[in-house]
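I have placed the structure first, in the form of structure tokens, so that the comments after it can refer back to it.
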Amino acid sequence: MTMSLKSIPGPSLYLGEFELLILLAVLRLGGDAYGVTIRDELEKETSREVTVGAIYKTLGRLQEKGYVSARVGDPTPQRGGRRKKLYRLEPLGSRAVKQSCADLRRLTRGLGRALEAL
Amino acid sequence: MSGRSPESPRLARALLAVLVPRAEREFVIGDLEETFAARIAAGTPAEAARRWYWRAALSNISAMRRRDPSDRQPPVKTRRGDGVMRNLIRDAQYGIRLLLRRPGVTLVALITLALGIGANTAIFTVTHALLLKPLPYDHPEQLVIVTENNLSRGWSSFAVSPANFLDWRAQNQSFQSIAAYGGRAFNYIGGEAPERLRGLTGTAGFLEALGGTPAIGRGFRPEEFEPGKGFVVIISHGLWQRAFGGRPDVLNQSITLNGEPYTIVGVMHPNWRFGGRETAVFTPRAFDGDERQARGAHYLSVVGRLKPGVSVEQAGVEMRGIAARLEQQYPNTNKGWGTVVRSLQEAAVGNVRPMLLVLLGAVGLVLLVACANLANMHLARATVRAREMALRTAIGANRGRIVQQLLTESLVLAVVGGALGLLVAYWATTSLVAAYPTLLPRSSDIKIDPVVLMFTLGLSMLTAILFGLAPAISASRTDLVETLKETARAGGSPMRRWLRSVLVVTEVALAIVLLVGAGLLLRSFQKLGHVAPGFAIDQRLSVTTLLPLPKYNEPARTVDFYDRALTRMRALPGVESVALTSTVPISGNDEIYSIAFEGRPPLPPGQGVSAIYYLVSPGYFDTMAIPLLKGRVFTDNDRAGSPRVAVVNDVFVRLHYPNEDPIGKRIRMGRNSDIVREIVGVVGTVKHYGLADKDQAQMYEPFAQMPNTGMSFLLKTSLEPTSLTAAVRREIQSVDPDQPVASTTSLAQMVADSTALSRVQTLLLGVFAGIALLLAAVGLYGVMAYSVSQRTQEIGIRMALGAHRGSVLMMVLRQALVLTGAGLVLGLAGAVALGRVLSSTLEPLLFQVQPADVVTLVTVPVVLVVVALVAALIPARRATQVDPIQALRTL
Chain A
16 MTMSLKSIPG PSLYLGEFEL LILLAVLRLG GDAYGVTIRD ELEKETSREV TVGAIYKTLG
76 RLQEKGYVSA RVGDPTPQRG GRRKKLYRLE PLGSRAVKQS CADLRRLTRG LGRALEAL
Chain B
12 MSGRSPESPR LARALLAVLV PRAEREFVIG DLEETFAARI AAGTPAEAAR RWYWRAALSN
72 ISAMRRRDPS DRQPPVKTRR GDGVMRNLIR DAQYGIRLLL RRPGVTLVAL ITLALGIGAN
132 TAIFTVTHAL LLKPLPYDHP EQLVIVTENN LSRGWSSFAV SPANFLDWRA QNQSFQSIAA
192 YGGRAFNYIG GEAPERLRGL TGTAGFLEAL GGTPAIGRGF RPEEFEPGKG FVVIISHGLW
252 QRAFGGRPDV LNQSITLNGE PYTIVGVMHP NWRFGGRETA VFTPRAFDGD ERQARGAHYL
312 SVVGRLKPGV SVEQAGVEMR GIAARLEQQY PNTNKGWGTV VRSLQEAAVG NVRPMLLVLL
372 GAVGLVLLVA CANLANMHLA RATVRAREMA LRTAIGANRG RIVQQLLTES LVLAVVGGAL
432 GLLVAYWATT SLVAAYPTLL PRSSDIKIDP VVLMFTLGLS MLTAILFGLA PAISASRTDL
492 VETLKETARA GGSPMRRWLR SVLVVTEVAL AIVLLVGAGL LLRSFQKLGH VAPGFAIDQR
552 LSVTTLLPLP KYNEPARTVD FYDRALTRMR ALPGVESVAL TSTVPISGND EIYSIAFEGR
612 PPLPPGQGVS AIYYLVSPGY FDTMAIPLLK GRVFTDNDRA GSPRVAVVND VFVRLHYPNE
672 DPIGKRIRMG RNSDIVREIV GVVGTVKHYG LADKDQAQMY EPFAQMPNTG MSFLLKTSLE
732 PTSLTAAVRR EIQSVDPDQP VASTTSLAQM VADSTALSRV QTLLLGVFAG IALLLAAVGL
792 YGVMAYSVSQ RTQEIGIRMA LGAHRGSVLM MVLRQALVLT GAGLVLGLAG AVALGRVLSS
852 TLEPLLFQVQ PADVVTLVTV PVVLVVVALV AALIPARRAT QVDPIQALRT L
């Protein structure tokens, strides 16, 4: 049980499922992660329908925890002259993602057949 | 819709701006805007994209405001201050509890409010859409319609002649662009069956002035407006979808219209509209050499876009100046002709404006009656609640606080009633538009939008103040000691009783005004129904065709087509006779030509006379049952080679041959002024422009002597006329398989359509008057019932002293009649004023009915008194059943 956490020093970096999904989307999007692109990414790659509102809310929480940082982009005409808020993973966030993914991998290891049979 | 790209819903954006936390606001709205724009760009219809935006906005708001379990904050401590808001909420909660405790009374109040506010919202929705909402074009205030007029001949607005239009275009300084246009129908072959398409053909700049840039492809090029080069077409989005499956390679394809090939150069935006209905094809309009000189023939419509800063009035002044110059320059054709510049908005709604204003006034009165009723109920309740108010005062509430509490209760009631009213309005407007789709212009704009919502909300609040304020103030004026005394009788103050009587008198008076208004319209509508149109309308079917010119440019071919079609239709079972006419009366179309009389000196310029012109086949007068008054009608012998003949109507004779025998007189008509025709017969007059039309001079020419390609068949049938539609269509196509039928309508339907506006306004005003009458009756009942309950002891004493039941009954009824009588006198005075308004608007709403119509002014008071007596009878009977012993015991 404690084995899995042994290798990672520092406090527990627990992530909720939605938080993990959002961080993964931010990671995939590189420098272009903001409400619209994150939502599109999630809708494209997962079975969820999400609102940008929920995304911003979660990102706000992740920012407080120091997992992501935000910077404000340039206004565009399609947005009616409004600016974007672009997000980027911080080292702490990267570690949390790494840890959650490692947990998931370990838990699903050897379950390939069983999962497909579900 | 204009060509500019659609905008996201403003109200949703405003909601987001208020409800999304400031930190994320800009980014969330920006994201939604971006996605909205992307959806539009991907071809999502604007309406669907807007619906999406609304859904997204609402779910975003709810997602961002939902409490998140992971970052729960300590509850905010309520502070003691913040008084107004807290009181408001507490009063509202208390109000709701009170309302729920007395569901019956609440229901009556809510129905009253729903009807009052609903009627107002419904009429406002229509008024807003038609009179207030800007047309969906860029800078709609710059768009104007320019027409000619000839006041000496009684035409306040008339079509424009090509040469005049060209001079306007060359000489004006007021317009960015000015363009002539006209409707043109096209026979289209290529779909499953031949089809007739509505088209618009405009000169250079016509589509651009109205923002009609194509969504795909291009607009017309300058050289395409030259004669003979205009075989290019922009098709509507609808036709593109229907006939080409929305394929993108439609550009540069050929399409056969009226038998000639046109090249498709563009597809219009899906939402672009001009003139209400969807137009399927647009083609460039060119003037050939002859047409450029045509000054006396008026048939063009003209739309202009004013330069920025130029007002409609300024443009009007300039155009009148140009018209005056043309009048001097070309007296023969232009004497008496002026120009009129009207805003497109005004031109688009034209004849419904007086009706809307009258209805708006009527619903305002209904709401006043409703308010009076509710105020009455509240006053009665104030008496019941006097002890509660006294108690509140005793423990420290000041008058302001009590007024605030009572007003808040009224507000709760009004807002709920307003919400119900919104439902009523939604139902009423959608069913009105569904029942009469062509009655109102711009009917697609008639919907409940944010402006209507604000109107309803504002109206609800105003209503709450109207019916809540007086009772609240009166209730706050309580005599503390008297009311709190255990033994005190729950009695209304004299002031309150007086106020209630005033309210009932007001209700009766307002109801009278509305009833008289509705009565006048009803009488007027009845009179209209009794007008003889001058021709038979039952069992008659009109079928219009338009033969394409290149194919039918030989008169012989045209005659042959119609002859064969007539023969085939005559053989149809259920058809008694068939005839042709160039113009069907009451259809809304007309042709008017000037007349020249042989043997008389030519009339001076500007004083010419004219008549409505019909081209008909021999059986026409029989088929339409138009009576022959003198001479003969056309026969088969009036052929191409035979002497030219004409038939005129009795008005024509009265005007032009007052003391002579018209038979044998010779005249020339308008466009074919070189042909002299002999008058061979006189027939009765038909109402051409509608039943309310005044009788006009009319003249007829035989079809065989002047074949024309745009004729209508008129069938006299023994079956239900429209049941023959399919058979008639089949016969026409068996003569020419490529020939579509433009329209089929029974004459009865046409006449009904022509009186629809009158019918609807009569119906609506009748409904409003009915509501007002009902409310007034309820109000009277309330006051009388209350009065009886207050006077129980007095009545008991009277009966103990020997009063008869009959005299008690009379005593109560007399009181009701005094109130009703006072209302009657006031109401009749108001009604006469209303009658004046109805008959003095630009297009009078009354037909052959005087504002002081005796029948109406006698009937309405009788109805009202009967209703008032019925309303008072129930409390009066209750008064007679008072048990004297019981009444005296409680003394």
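So the sequences go chain by chain: A and B. Counting from 1, position 55 in the first sequence corresponds to residue 70 in the working numbering; the numbering is continuous, with no gaps. Counting from 1, position 190 in the second sequence corresponds to residue 201 in the working numbering; the numbering is continuous, with no gaps. Glycine included, each C-beta is placed from N, C-alpha and C at the ideal position.
- prompt: According to DSSP, is Gly92/B helix, strand or coil?
  reply: In this predicted model, Gly92/B has a pLDDT of only 46, less than 50, meaning its place in the structure is not dependable; the value taken from the coordinates is given anyway. It is coil, neither helix nor strand.
- prompt: Along the region 22-48 of chain B, what residues have a CB closer than 8 Å to any CB found in chain A?
  reply: Legend: CB atoms of the region 22-48 of chain B lying less than 8 Å from CB atoms of chain A belong to residues Val31, Ala34, Glu35, Glu37, Phe38, Val39, Ile40, Gly41, Asp42, Leu43, Glu44, Glu45, Thr46 and Ala48.
- prompt: Looking only at its own chain, which residues have a Cβ that is under 6 Å from the Cβ of Met12/B, when we skip the five neighbours before and after it?
  reply: With a pLDDT of only 40 at Met12/B, under 50, the local geometry of the prediction cannot be trusted, and the value read off the model is given with reservation. Only residues of its own chain outside the window of five on either side were considered, and among them Pro147, Asn282 and Trp283 have a CB closer than 6 Å to the CB of Met12/B, listed in chain order.
- Query: Quick one: is Ala405/B buried, meaning 16 or more other Cβ sit within 10 Å of its Cβ, or exposed?
  - Reply: Classified as exposed, Ala405/B has fewer than 16 neighbouring CB atoms from the shown chains inside 10 Å of its CB.
inquiry  = So, does the region 561-576 of chain B touch the region 869-880 of chain B, judging by three or more C-beta pairs under 8 Å?
reply    = Between the region 561-576 of chain B and the region 869-880 of chain B, the count of C-beta pairs closer than 8 Å stays below three; the two stretches do not touch.
Taking Val860/B as part of the beta strand (DSSP E), name the residues at either end of that continuous run. No beta strand (DSSP E) holds Val860/B; DSSP gives it neither H nor E.
Open item on the list: Going by C-alpha to C-alpha distance, which of Leu74/A, Arg63/A and Arg120/A sits closest to Lys102/A?
Closed with: For the record, residue 102/A in the displayed sequence is Tyr; it is not Lys. Measuring from the Cα of Tyr102/A, the nearest candidate turns out to be Leu74/A.
Could you please give the first and the last residue of the uninterrupted beta strand (DSSP E) stretch that includes Ser354/B? First-last of the beta strand (DSSP E) with Ser354/B: Gly349 to Ser354.
inquiry  = Let me see if you follow: with CB-CB separation under 8 Å, is Ile156/B close to chain A or not?
reply    = No, Ile156/B does not count as interfacial toward chain A.
**Prompt:** From which residue to which residue does the alpha helix (DSSP H) around Met580/B run?
**Reply:** Counting along the chain, the unbroken alpha helix (DSSP H) around Met580/B starts and ends at Pro566 to Arg581.
* Using the beta-carbon of each residue, which ones in chain B are nearer than 8 Å to Arg98/A? -> Arg98/A reaches chain B at Glu37, Phe38 and Gly41, counting residues in chain order whose Cβ is nearer than 8 Å.
### Query
Are Arg24/B and Ile40/B touching if we call contact CB-CB under 8 Å?
Yes, they are a contact pair.
Check: Just the Cα atoms here: how many angstroms apart are Ala170/B and Tyr310/B?
Finding: Between the alpha carbons of Ala170/B and Tyr310/B lies a gap of roughly 5 Å.
Endpoints, the alpha helix (DSSP H) within which Lys113/A is located:
Taken as a continuous stretch (DSSP letters only), the alpha helix (DSSP H) holding Lys113/A covers Pro106 to Thr123.
- So is the beta-carbon of Asp685/B under 7 Å away from any non-hydrogen atom of the ligand MG? Inclusion of the ligand MG in the displayed structure is not the case, the ligand content being empty and no account of it being possible.
> Using a Cβ cut-off of 7 Å, which residues of the region 51-65 of chain A contact any Cβ in chain B, in chain order?
Replying inline: Those would be Val51, in chain order.
| For Arg888/B, three-class secondary structure by DSSP | Helix at Arg888/B.
What three-state label does DSSP hand Ala120/B in the structure shown? Looking at Ala120/B - three-state DSSP - the assignment turns out to be helix.
*With DSSP as the reference, label Leu72/A as helix, strand or coil.*
Note that residue 72/A corresponds to Lys in the displayed sequence, not to Leu. Lys72/A: helix per DSSP, three-state reduction.
Delimiting residues of the beta strand (DSSP E) encompassing Val893/B:
Careful: Val893/B lies outside any beta strand (DSSP E) and carries neither H nor E.
**Asked** To which residues does DSSP link Ile548/B through a beta bridge?
**Response** Paired residue(s): none; Ile548/B is not in a bridge.
With the cut-off set at 8 Å, would you say Pro862/B and Leu835/B are in Cβ contact? No, the pair does not count as a contact, with Cβ atoms beyond the cut-off.
Next on the checklist: Taking the alpha helix (DSSP H) that Trp509/B belongs to, which residues open and close that run?
Outcome noted: Trp509/B -> alpha helix (DSSP H) spans Pro505 to Gly540.
*asked:* So the candidates are Pro238/B, Val278/B, Lys318/B and Ala359/B; which of them puts its Cα closest to the Cα of Gln302/B?
replied: Here the sequence assigns Glu to residue 302/B, which means Gln is not the residue at that position. With distances taken between CA atoms, Glu302/B lies nearest to Pro238/B out of Pro238/B, Val278/B, Lys318/B and Ala359/B.
Residues of its chain near Gly127/B, where Cβ-Cβ distance is below 6 Å and the 5 sequence neighbours each way are ignored
The answer, listed in chain order, is Val377, Leu378 and Ala381.
Practice task
Specify the secondary structure class of Asn161/B as computed by DSSP and reduced to three states.
Solution key: Under the three-state reduction of DSSP, Asn161/B is assigned to strand.
Exercise for the section: Take Leu431/B as the anchor and find which of Ile122/B, Arg825/B, Leu785/B and Gly781/B has the nearest alpha-carbon. Expected result: Leu431/B has its Cα closest to that of Ile122/B, out of Ile122/B, Arg825/B, Leu785/B and Gly781/B.
>> Just checking: is the beta-carbon of Gln93/A within a distance shorter than 8 Å of some beta-carbon in chain B?
In response: Interface residue, yes.
Exercise for review: Taking a Cβ distance cut-off of 8 Å, strictly less, list which residues of the region 306-331 of chain B are near chain A, in chain order.
Suggested key: Those would be none; no residue qualifies.
Inset, instruction - Please check if any C-beta of chain B sits within less than 8 Å of the C-beta of Lys72/A. - result: At least one CB atom of chain B sits nearer than 8 Å to the CB of Lys72/A.
Q. Name the chain A residues that come within less than 8 Å of Ser70/B, Cβ to Cβ?
A. Simply Thr66 and Gly68.
Legend entry - Inter-residue Cα distance where the pair is His389/B and Gly479/B: The alpha-carbon separation between His389/B and Gly479/B amounts to approximately 7 Å.
Query - Unbroken alpha helix (DSSP H) run spanning Pro173/B, endpoints - result: Per DSSP, the continuous alpha helix (DSSP H) segment holding Pro173/B begins and ends at Pro173 to Gln182.
Problem set entry | Contacts around Lys88/B, its chain only, beta-carbon distance under 8 Å, and the 5 residues preceding and following it disregarded | For Lys88/B, the pLDDT reaches just 42, beneath the cut-off of 50, and the residue's location in the model is therefore unreliable, although a value from the coordinates is still provided. So the list is empty, once near-sequence residues are dropped.
**Prompt:** Can you list the residues of chain A that Met75/B reaches, using a CB-CB cut of under 9 Å?
**Reply:** Those are Thr66, Gly68, Ala69, Tyr71 and Lys72, listed as they occur along chain A.
- Message: With distance defined between alpha-carbon atoms, name the residue in Glu37/B, Glu35/B, Arg410/B and Ala49/B nearest to Ser16/B.
- Response: Measuring from the Cα of Ser16/B, the nearest candidate turns out to be Ala49/B.
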